[in-house]
Amino acid sequence: MDVRDLNRTAWDKLVDKGIRWSIPVGAEGIAAARNGEWEIYLTPTRPVPRAWLPAVAGKRILCLASGGGQQGPILAAAGAVVSVLDNSPRQLRQDRLVAEREGLEIETVEGTMKDLSPFPANRFDYIVHPVSNCFVDDVRPVWREAYRVLKPGGSLLSGFNNPDIYLFDVEAMASGRLEAKFRLPYSDLERLDEEQSRSKADQGVPMEFSHTLELLIGGQMEAGFALVGLYEDRDLPGENALINQHLWPYIATRAVKGSNSR
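Going by the working numbering, the first residue of the sequence shown is number 8, and it counts up by one from there.
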């Protein structure tokens with residue numbers, strides 16, 4: 008199955024449904040960012056610490072798998088030189104909508120987070136990568152490519168799912184029960200055939216994959232990064248309430264590329 012194609016279809020459908028991560032930032036948020044008052048999110052509720060992005064004016068930032076008209080436009084309004092790469096044309100359309108509305112310069116590139124060949128090595132000062140690597144079956148190329156395109160001393164800011172959430176049956180949770188059902192690491196490729204996957208994509212349900220902490224965190228270090236920051240986060244109130252009661256569903260990390268690039 009072509010996971011990238013299925014997830015492009017699913018995410019385009021999600022944009023049409025107006026999910027939280029596809030609602031463009033308003034004019035008020037852009038005005039605040041121009042005045043130095045801004046926040047961005049890697050995970051649902053905790054803003055990225057300002058110490059992780061201490062100075063963005065004039066910096067080159069890649070918003071990786073981060074379309075939707077949110078992080079990219081805010082950072083551009085704060086003075087950064089922004090590129091947004093996303094697999095969904097409609098997510099990228101949201102960034103262009105804000106850019107045109109607010110007079111911002113934002114480069115939008117349709118592509119996969121596993122292949123950053125549109126960008127040369129050592130290009131970016133920061134990569135902002137909100138929760139999204141659950142939509143690729145192998146996270147290691149994501150870390151390797153991020154390392155390649157970052158400048159020496161640059162930072163990769165990533166959000167990702169706690170892999171333990173994939174243990175649980177979604178239908179049981181909807182009925183108020185927390186039931187362990189699946190083995191880890193979880194893969195929709197093992198559970199769904201092509202017809203089922205296409206049907207779900209047409210309904211706006213992307214294919215998902217869990218990754219071990221060894222690959223999510225250790226994989227960054229294996230790629231050459233030094234891990235220098237980490238925090239956990241809950242989901243929005245009323246969303247995944249059972250999981251929120253029992254564990255932290257999200258993790259965010261800050262990793263730095265060494266001064267001697269590979």
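Yeah, the Cβ is synthetic: ideal placement off N, Cα and C, and Gly gets one too. Quick caveat: nothing in here was measured; it's all calculated off a predicted structure.
Quick one, which of V156, Y238, N94, P213 has its alpha-carbon nearest W255's? Position 248 of the sequence shown, counted from the start, is the residue given in the question as residue 255. The shortest Cα separation from W255 among V156, Y238, N94, P213 belongs to Y238.
Proximity to S139 [Cα-Cα], best of I30, D9, N14, L199: Taking the sequence shown and counting its residues from 1, one reaches residue 139 at position 132. Of the listed residues, the one whose Cα sits closest to S139 is N14.
Cβ-Cβ distance between V263 and A230 below 7 Å: For this step, residue 263 is matched to residue 256 along the sequence shown. For this step, residue 230 is matched to residue 223 along the sequence shown. Contact check for V263 against A230 fails: the beta carbons are separated by 7 Å or more.
DSSP state of N168 mapped onto helix, strand, coil: Residue 168 sits at position 161 when you count from the first residue of the sequence shown. Strand.
What residue range does the alpha helix (DSSP H) around I37 cover? As a working mapping, residue 37 is identified with position 30 in the sequence shown. 34–41 is the span of the alpha helix (DSSP H), which, as asked, contains I37.
Near E152, what residues of its chain come up, given a Cβ to Cβ distance below 6 Å and the 5 sequence neighbours on each side ignored? Position 145 of the sequence shown, counted from the start, is the residue given in the question as residue 152. Result list for E152: L123, in chain order.
Q101: buried (16+ other C-beta within 10 angstroms of its C-beta) or exposed? The sequence position of residue 101 within the sequence shown is 94, counting from 1. By the 10 Å Cβ count, Q101 comes out buried.
Looking at A87 and E113, is the spacing between their C-beta atoms short of 7 Å? As a working mapping, residue 113 is identified with position 106 in the sequence shown. As a working mapping, residue 87 is identified with position 80 in the sequence shown. Checking the sequence, you will find Ile at residue 113 rather than Glu. 7 Å or more divides the Cβ of I113 from the Cβ of A87.
Give me, in chain order, the residues of the same chain whose beta-carbon lies closer than 7 Å to that of D240; leave out the 5 immediate sequence neighbours on both sides. The residue given as residue 240 occupies position 233 in the sequence shown. Closer than 7 Å at Cβ, skipping near neighbours: T50, P51, T52, R53, W255, Y257, A259.
Report the residue ranges of all alpha helix (DSSP H) runs contained in full by the stretch 135–194; include only those spanning at least 4 residues, in chain order. With a minimum length of 4 residues, the unbroken runs of alpha helix (DSSP H) contained wholly in the stretch 135–194 fall at 147–156, 177–181.
Tell me, to the nearest whole angstrom, how far the beta carbon of L220 is from that of P148; I am working on the premise that it is less than 8 Å. Taking the sequence shown and counting its residues from 1, the one referred to as residue 220 is at position 213. Taking the sequence shown and counting its residues from 1, the one referred to as residue 148 is at position 141. With 8 Å as the limit, L220 and P148 do not qualify as a contact, their Cβ atoms being about 18 Å apart.
Could you give the DSSP three-state label for R67: helix, strand or coil? Here residue 67 refers to the residue found at position 60 when the sequence shown is read from its first residue. Three-state DSSP puts R67 in a strand.
Assess, as a yes-or-no matter, whether the stretch 130–145 is touched by the stretch 155–172 under the definition of 3 or more beta carbon pairs within less than 8 Å. Pairwise C-beta distances place the stretch 155–172 in contact with the stretch 130–145, as three or more of them are shorter than 8 Å.
Considering only residues of the same chain and omitting the five flanking positions on each side of T292, which have a CB-CB separation below 7 Å? Nothing about residue 292 can be reported from this structure: the residues present for the chain run from 8 to 269 only.
Hey, how far is the Cα of I37 from the Cα of E202? Position 30 of the sequence shown, counting from 1, holds the residue named residue 37. Position 195 of the sequence shown, counting from 1, holds the residue named residue 202. If you draw a straight line from the Cα of I37 to the Cα of E202, it comes to about 42 Å.
Counting pairs of beta carbons, one from the stretch 171–183 and one from the stretch 242–254, are three or more of them closer than 8 Å? Between the stretch 171–183 and the stretch 242–254 there are three or more inter-stretch CB-CB distances shorter than 8 Å, so the stretches are counted as touching.
Compute the Euclidean distance between the alpha carbons of S7 and L60, then round it to the nearest angstrom. Nothing in the structure corresponds to residue 7, since the chain is present only between 8 and 269.
Buried/exposed call for I224, threshold 16 Cβ in 10 Å: Here residue 224 is taken as the residue at index 217 of the sequence shown, counted from 1. By the neighbour-count rule (16 or more Cβ atoms within 10 Å), I224 is buried.
Taking DSSP as the reference, what is the three-state secondary structure of T16? Residue 16 sits at position 9 when you count from the first residue of the sequence shown. In the structure shown, T16 adopts helical secondary structure according to DSSP, grouped into three states.
Comparing alpha-carbon positions, which option in S204, L185, N129, D144 lies nearest G265? Working through the sequence shown from its first residue, we reach residue 265 at position 258. Of S204, L185, N129, D144, the residue nearest in Cα terms is N129.
To the nearest angstrom, how far is it from the Cα of R269 to the Cα of V235? Position 262 of the sequence shown, counted from the start, is the residue given in the question as residue 269. Position 228 of the sequence shown, counted from the start, is the residue given in the question as residue 235. The pLDDT assigned to R269 is 43, lower than 50, so where the model puts this residue is not dependable, and the model offers no usable value.
Once the 5 residues before and after G65 are set aside, which same chain residues still bring their CB inside 8 Å of it? For the purposes of this step, residue 65 is taken as the residue at position 58 of the sequence shown. Cβ neighbours of G65 beyond the five flanking positions: G86, A87, V88.
V105 - DSSP class collapsed to helix/strand/coil: The residue you call residue 105 lines up with position 98 of the sequence shown. Annotated three-state conformation of V105 is helix, per DSSP.
Suppose contacts are defined by Cβ-Cβ distances below 7 Å. Is S162 in contact with L191 by that definition? Taking the first residue of the sequence shown as 1, we reach residue 162 at position 155. Taking the first residue of the sequence shown as 1, we reach residue 191 at position 184. Taking 7 Å as the Cβ cut-off, S162 and L191 do not qualify as a contacting pair.
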